[in-house]
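Worksheet: the structure to be examined is printed underneath.
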Ligand code: EPS
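In the numbering used here, the protein residues as written are 1118 to 1526.
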C-alpha cells in the first residue's frame, strides 16, 4: 500500500529515499520536509555532527507543480560531512591508507555485524547502523504527516524519562512549548529548556539537562523513554482478523526498528500487569455525549471515558488518541569506552572505539518515533480507504465515517 526504502551510509555522499503508494493530488513541498528534518537535528546532548549538517531533502521525482502525481517520490539528502571523509569513504578503491575500526563497541551493531557480513573493518557495519539513517525516515515521515493532515490526524511526541529523570507533565500537552528552534533562552527560558529535551514538565526538563551535563563530564551516555501521541485517527484502522493485520503489530515493529529502542508499550502498557480488569478497560460513553460535525458525521463515534488502551483494541484504532511509548537505551558509543576486544586478534583492549558521539539522542528519537507512527498510520489509512487521487481517498473516508455509528433498524 505505502512503502518506503532508504539507502545511504552515515559518512557517505548522502541519503536516498523512495516512497511509493501515495495518491495523486497531495500538496508537498521541500519546506514541509525541512521542518521535520530540523526538528530531528536539535536536542540537548547532541554531538558535533549536528553542527556540520543542515539537513535538506531535495525532491527528485513524484511531485509536479507542488502536487503528487501518484508516482514514486524520490528524495536525496546530502551528507555535508562526506567532504571530511573522502578517502575513508571513497566509493572507488583508494590507495591512500586509512585506519580500520578494530575496537568493536559493545552495544552497537559492530560485533554481530562483522561476524555475519565477514568484515575486517567495523566501519562497514557502523556506517549503516548509525542513527544517521533516521534522517531518511524522518523525510519519508514528513510526507506521511502531510497526507495525514488532510484527514485531521496529528502526530506529536515528548520525552517522559531521560537519564533516570521522570517527567510528570500535564495532559493534554501544549506541543508549542516543545517546538522552539532556534532556542531563544532569553525570551522563553522555561520553554527553551523544555524544547531542548522535548520534555513537557519544566522542572524535569531542567533536571534532565543537568543529568546530560553530568554524563558528559563523566564521558558517559544516557537513555530514556519517549511517548508518541497521534490524535484524530478514525475508529477501525487495522484489523482484529489476523496477527499481521493488527495495527498494534505494525506500530510496535515500526517503533522497535528505531536505533536503540528496546521496548514498546501502548497506553497504560506494562502497568496493566498490576491492574484489575475493572480499572483498566475504557468504558464507552452513551450516545447523548457524542459530538457531531457540521457535515452530520460523528466527530468521534463510540468515545471512551478513559484511554488506557492507548487508542487500540483488538489491533484496531478506537478513535481515541494512539499512545505509543518506547524505551531508548543509552547510546553505545561512549566517550570513556567499555573494555572490548580487537576484531583482528580477539584480544582484550582497554577501551572501545570512540570517534565522536552524542551524550543522548532521546529527544531526537521522539521525533523519529513520530515519523514511524505517521508512516504506519498513513499506510493503514490507505489500506482502509484506498484511492488513486486524494479526493477519492477523502470521499471513501467521509462515507465510511457516516456509517460508523449505532446500527439502528
Ligand atoms: C547522527 C549521526 C551520527 C551520530 C548519531 C546520529 O553522526 P557521527 O557518527 O558522524 O557523529 O551523531 O548516531 C548515533 C546516535 C548512533 O548511535 O549511531 C544523526 O544524523 O542523527
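Where is the CB? At the ideal position from N, CA and C, for every residue including glycine.
- Straight-line measurement puts the Cα of residue 1499 at about 37 Å from the Cα of residue 1241.
- Taking one beta carbon from each stretch, the region 1176 to 1195 and the region 1509 to 1525 have fewer than 3 pairs nearer than 8 Å; the two do not touch.
- Nearest neighbour of residue 1364 by Cα position, chosen from 1332, 1385, 1238, 1430, turns out to be 1430.
- Looking at 1219, 1385, 1151, 1523, the one whose alpha-carbon comes closest to that of residue 1402 is 1523.
- Distance between residue 1396 and residue 1389, taken at the CA atoms: about 9 Å.
- Rounded to whole angstroms, the gap between the alpha carbons of residue 1456 and residue 1165 is 24 Å.
- Between residue 1151 and residue 1173 a beta carbon distance of about 6 Å is seen, short of the 8 Å cut, so the two are scored as contacting.
- Contact between residue 1432 and residue 1420 is absent: CB atoms are separated by about 20 Å, not below the 8 Å threshold.
- Ranked by Cα distance from residue 1237, the options 1221, 1225, 1245, 1249 are led by 1221.
- Judged by their CB atoms, residue 1314 and residue 1279 are nearer to each other than the 8 Å cut-off.
- Between residue 1258 and residue 1153 a beta carbon distance of about 7 Å is seen, short of the 8 Å cut, so the two are scored as contacting.
- Of all alpha-carbon atoms in 1394, 1416, 1275, the one lying nearest the alpha-carbon of residue 1425 is that of 1394.
- Assignment of beta strand (DSSP E) within the region 1303 to 1349, counting only whole runs of 3 or more residues, yields 1341 to 1348 in chain order.
- Remark: the shortest separation between the CB of residue 1450 and any heavy atom of the ligand EPS falls under 7 Å.
- Per DSSP, residue 1243 is one residue of the alpha helix (DSSP H) stretching across 1240 to 1246.
- In the pairwise beta carbon analysis, the region 1337 to 1350 is classified as touching the region 1484 to 1491: at least three pairs are separated by under 8 Å.
- Closer than 7 Å to some heavy atom of the ligand EPS: that does not describe the Cβ of residue 1273.
- By the beta-carbon neighbour count (other beta carbons within 10 angstroms, threshold 16), residue 1178 is exposed.
- Burial is judged here by how many other beta carbons sit within 10 angstroms of a residue's own beta carbon; residue 1358 has fewer than 16 and is exposed.
- Counting only residues of its own chain and dropping the five nearest sequence neighbours on each side, residue 1468 has a CB closer than 8 Å to the CB of 1220, 1453, 1454, 1455, 1456, 1457.
- Counting along the chain, residue 1138 sits inside no alpha helix (DSSP H), nor does DSSP assign it H or E at all.
- Rounded to whole angstroms, residue 1251 and residue 1129 show a C-alpha spacing of 15 Å.
- Cβ atoms of residue 1272 and residue 1371 stay farther apart than 8 Å, at about 12 Å.
- Taking residue 1400 as the centre and dropping the five residues before and after it, the same chain places the C-beta of 1422 closer than 6 Å to its C-beta, in chain order.
- Proximity of the beta carbon of residue 1201 to the ligand EPS is not indicated: no heavy atom of the ligand is located closer than 7 Å.
- In this structure, the ligand EPS has no non-hydrogen atom nearer than 7 Å to the beta-carbon of residue 1470.
- Relative to the ligand EPS, residue 1153 has its C-beta separated by 7 Å or more from all heavy atoms.
- If you draw a 10 Å sphere on the C-beta of residue 1478, you find 16 or more other C-beta atoms in it, and that means buried.
- Annotated as proximal: residue 1340 and residue 1447, with beta-carbon spacing under 8 Å.
- In terms of CA proximity to residue 1383, 1367 leads the group 1376, 1377, 1367.
- Between the beta-carbon of residue 1491 and that of residue 1261 there is about 4 Å, and that keeps the pair under the 8 Å contact cut.
- Taking C-alpha positions only, residue 1198 is separated from residue 1514 by approximately 44 Å.
- Comparing alpha carbon positions, the residue from 1134, 1139, 1133, 1135 closest to residue 1502 is 1139.
- For residue 1352, the CB contacts under 7 Å within the same chain, skipping 5 residues up- and downstream, are 1418, 1419, 1434, 1435, 1436, 1521 in chain order.
- Taking C-beta atoms as the reference points, residue 1319 and residue 1311 count as a pair closer than 8 Å.
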